[in-house]
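Start counting the sequence shown at 1; every next residue gets the next number (full-length UniProt numbering). Glycine included, each C-beta is placed from N, C-alpha and C at the ideal position. Please read the structure below before turning to the comments.
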Amino acid sequence: MNKASLFLSVAVSLAVVFTVYAYASRTCTAESVTNDRISAEAAQPAAVPVKGKVLVVYFTSPETDGVDTSSGASRIVADGKLYGNTEYVAALISQKTGGDLFQIKMANAYPGTHKELLDASKREIDAKVRPKLTSHIQRLKDYDVIFVGFPNWWYDMPMPLYSFFDAYDFTGKTLIPFCTHAGSRFSQAEKTIAALEKGAKMQKGLAISRKNLGEAETAIQNWLQRMGFGK
Ligand SMILES: Cc1cc2nc3c(=O)[nH]c(=O)nc-3n(C[C@H](O)[C@H](O)[C@H](O)COP(=O)(O)O)c2cc1C
1 MNKASLFLSV AVSLAVVFTV YAYASRTCTA ESVTNDRISA EAAQPAAVPV
51 KGKVLVVYFT SPETDGVDTS SGASRIVADG KLYGNTEYVA ALISQKTGGD
101 LFQIKMANAY PGTHKELLDA SKREIDAKVR PKLTSHIQRL KDYDVIFVGF
151 PNWWYDMPMP LYSFFDAYDF TGKTLIPFCT HAGSRFSQAE KTIAALEKGA
201 KMQKGLAISR KNLGEAETAI QNWLQRMGFG K
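What follows is the structure in C-alpha cells.
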C-alpha cells in the first residue's frame, strides 16, 4: 500500500468511528429523556383519531408522608389544591378532553403512611384479593372513550383495578391507560388490561414518572393531540 492510500484508509476509518460515536451519544440522550418523562410506547401517533364522549377513570391512594414530587411523595399541590399523583394526571386529561371524571373508590380505604400501605397492598396481592368497590359508573353506554389511570404498585396495577375490570365489559369502547410510577412505568399492566378487556380497542398508554409530575402537562397535551384530541 502506498502512502496516499494508507492516509486515505486511515481518514475514512476515523470518519466512520466519529460518525457512529456521534449518533450513539445523540440517540442515547434523546432516548433517556423520552423514557424518563413518558413511556416510549406513547411516542407513536394513533393510526385513527380517537372520537366520542370521554370518561376519565382513575384510582389514587395518596400517601400522607409528604407533598413533594422530587423527593418521591405521592401528592402534589397545583393551583392551591392537593391531589394524589394519578388524580392530578386524571384532572389534566379531563380538562383537556372535556371528559367526565370517575374515581374508583373502595369500601376499605388503604392506610396513608408509606410502610403500612406497602404492607397492606402486598398482603392483598399474596391473597389475590379483589377489593369491594363503592363507586359505580352510571350509564357506561353513553361513553365511547375510557381513560383508565392508576399508580404502578408492585410492578402491576393495584388490586382495585382488577375489581374494576372484573366489573365492566368495555367491548367496542376505546380504552386508554395511563399511570404514574417511580421508575417501572407500566410494567406489564397494558398487556394485562388488553387480556382482561379483549373486546376493547386499546390505545397506547402514557406513563408519567412521579418526579416529572410538575412538568407533565406538556407531555399529556402532546400525547392527547397525537390521538386526535384538541384538533
Ligand atoms: C404500595 C406501593 C407500591 C409501589 N410499587 C411501585 C413499583 O413497583 N414501581 C414503581 O415504579 N413505583 C411504585 N410505587 C410508586 C407509585 O407508583 C407512585 O408513587 C405513584 O405516583 C403514586 O400515585 P398516587 O399518588 O396516585 O397513589 C409504589 C407505591 C406504593 C404506595
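From residue i to residue j, what distance separates their C-alpha atoms?
| i | j | result |
| --- | --- | --- |
| Q221 | N108 | 34 Å |
| T134 | Y88 | 21 Å |
| G112 | F229 | 35 Å |
| M227 | V50 | 6 Å |
| K201 | T171 | 8 Å |
| V145 | T218 | 21 Å |
| A194 | R185 | 17 Å |
| A216 | C179 | 12 Å |
| K198 | S94 | 25 Å |
| Q225 | R130 | 35 Å |
| L196 | L161 | 11 Å |
| D126 | K115 | 17 Å |
| T192 | F147 | 15 Å |
| Y143 | E190 | 21 Å |
| K141 | S187 | 30 Å |
| Y23 | W223 | For Y23, the pLDDT reaches just 31, beneath the cut-off of 50, and the residue's location in the model is therefore unreliable, although a value from the coordinates is still provided. So the alpha carbons of these two residues sit roughly 26 Å apart. |
| Y168 | I76 | 30 Å |
| G214 | L92 | 12 Å |
Nearest to residue i by alpha carbon, out of the options?
| i | options | result |
| --- | --- | --- |
| K128 | D156, E116, I104 | D156 |
| T60 | A91, G84, A78, G52 | G84 |
| G183 | I176, W154, Q103 | W154 |
| P158 | R210, I104, I208, A90 | I104 |
Could you tell me whether the Cβ atoms of residue i and residue j are closer together than 8 Å?
| i | j | result |
| --- | --- | --- |
| N152 | H181 | yes |
| D65 | A73 | yes |
| L55 | F102 | yes |
| T86 | Y110 | no |
Determine, using beta-carbon pairs with one atom in the segment 113 to 122 and one in the segment 78 to 98, whether at least three such pairs fall under 8 Å. no
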